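When we follow this note's numbering, the leftmost residue of the sequence shown carries the number 127, and every step to the right adds one. In this text, a Cβ means the ideal position worked out from N, Cα and C, and glycines have one as well. Given the structure is predicted, the values throughout are model-derived calculations rather than measurements. Here's the structure we're looking at; comments come further down.
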Amino acid sequence: MTVISARRWTTGTTRLPTGLLTVVASTLITALPLTTLGITAQSLVSTAAQAQTPGAQEAPKELRALTPYDAVYKTSTSGLSIKLRRSLTMDANGDCKLTSEGKLLVAGISEVSLFTLDGENIQPRSYVYQLSGPVSRRREVHFDNDSQVIRSLYKKEWYELPKTGDTLDRMSQQEQLRLSLLNDPTPKDDILFHVADGRKVKEYRLLYAGEERLETPMGWVNTLHFERDHDDPDRQSGVWIAPEWDYLMVRTVHIEDGKTIEANLISAEIAGTAVAGANS
127 MTVISARRWT
137 TGTTRLPTGL
147 LTVVASTLIT
157 ALPLTTLGIT
167 AQSLVSTAAQ
177 AQTPGAQEAP
187 KELRALTPYD
197 AVYKTSTSGL
207 SIKLRRSLTM
217 DANGDCKLTS
227 EGKLLVAGIS
237 EVSLFTLDGE
247 NIQPRSYVYQ
257 LSGPVSRRRE
267 VHFDNDSQVI
277 RSLYKKEWYE
287 LPKTGDTLDR
297 MSQQEQLRLS
307 LLNDPTPKDD
317 ILFHVADGRK
327 VKEYRLLYAG
337 EERLETPMGW
347 VNTLHFERDH
357 DDPDRQSGVW
367 IAPEWDYLMV
377 RTVHIEDGKT
387 IEANLISAEI
397 AGTAVAGANS
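If you want it as structure tokens, here you go:
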């Protein structure tokens, strides 16, 4: 197992680039363009056959469900940083709400994904992205169970995207990754994802890079490291998730055009209990 300490990036004072908040805050949703994981749940579910006595019925699998959490990430680029708060809540009917919020100077960002759980699969309902301030942007994605299309708002225009059973939105796909790993903890070497994003359903591929031990403000923790398979060799993306913290995302890094965007978990509670790592 590789043991590393989360890198710290230090740069001089930098003038705020136009639209920086969009780039910085999006780290938790797309800065891992790796995290654009519109996941085919079956790709993470083990298909290994279990030996059983002829004629005997296989015992039903006991499924693990997602657990509510509240997490804070520090996202940095070009010498600037923003704290993003990300929360997963569930109501008595099993409806799930995933939110991500942050603010930088006079600009703010908010994202909300609504979905339900169907066994090991997430059934998305809607996704809304809102950037407010000097620059205003809004995206929406709506999944209609009675329709064979997905409605997507992008740059003030609506698009109809083909609907398939495994297509998710930019946020719920991350929870699908967690849910799948909770029920099959063996990471696959090559994972294919689909996500409704803008004018089309995009396809992404994650490659398992191995286990790494990271130092966090909560202590040391073992993580699974995945890398995004980019067509452009100048783009790099990686995500680290912690099995012992219900596969919560601990760190993301995205490099493009010589710029690095990094997000690190600085505090979290799962089902009301603060996460804690080891001393070394």
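DSSP links Ile317 through a beta bridge to Leu332. At the C-beta level, Leu214 and Leu224 come within 8 Å of one another.
Your pair Leu189 and Glu301 does not check out as a contact, with CB atoms roughly 15 Å apart and the cut at 8 Å.
Take Ala394, set aside five residues on each side of it, and the residues of its chain with a beta-carbon closer than 8 Å to its own are Tyr195, Asp196, Ala197, Val198, Met344, Trp371, Leu374, Ala400, Val401, in chain order.
Gly234 is bridged by DSSP to Lys229, Ser258.
Taken through DSSP and simplified to helix, strand or coil, Glu266 comes out as strand. Here the alpha carbons of Asp292 and Glu246 stand approximately 12 Å from one another. Between the alpha carbons of Leu240 and Ser278 lies a distance of about 15 Å. Between the alpha carbons of Arg212 and Ser226 lies a gap of roughly 4 Å. Taking a contact to require three or more Cβ pairs closer than 8 Å, the segment 267–286 and the segment 248–258 qualify as touching.
Glu301 sits in a helix when the DSSP states are folded into three classes.
Within the same chain, Ser207, Lys209, Asn390, Ile392 come within 6 Å of Lys200 by CB-CB distance, once the 5 residues on both sides are set aside.
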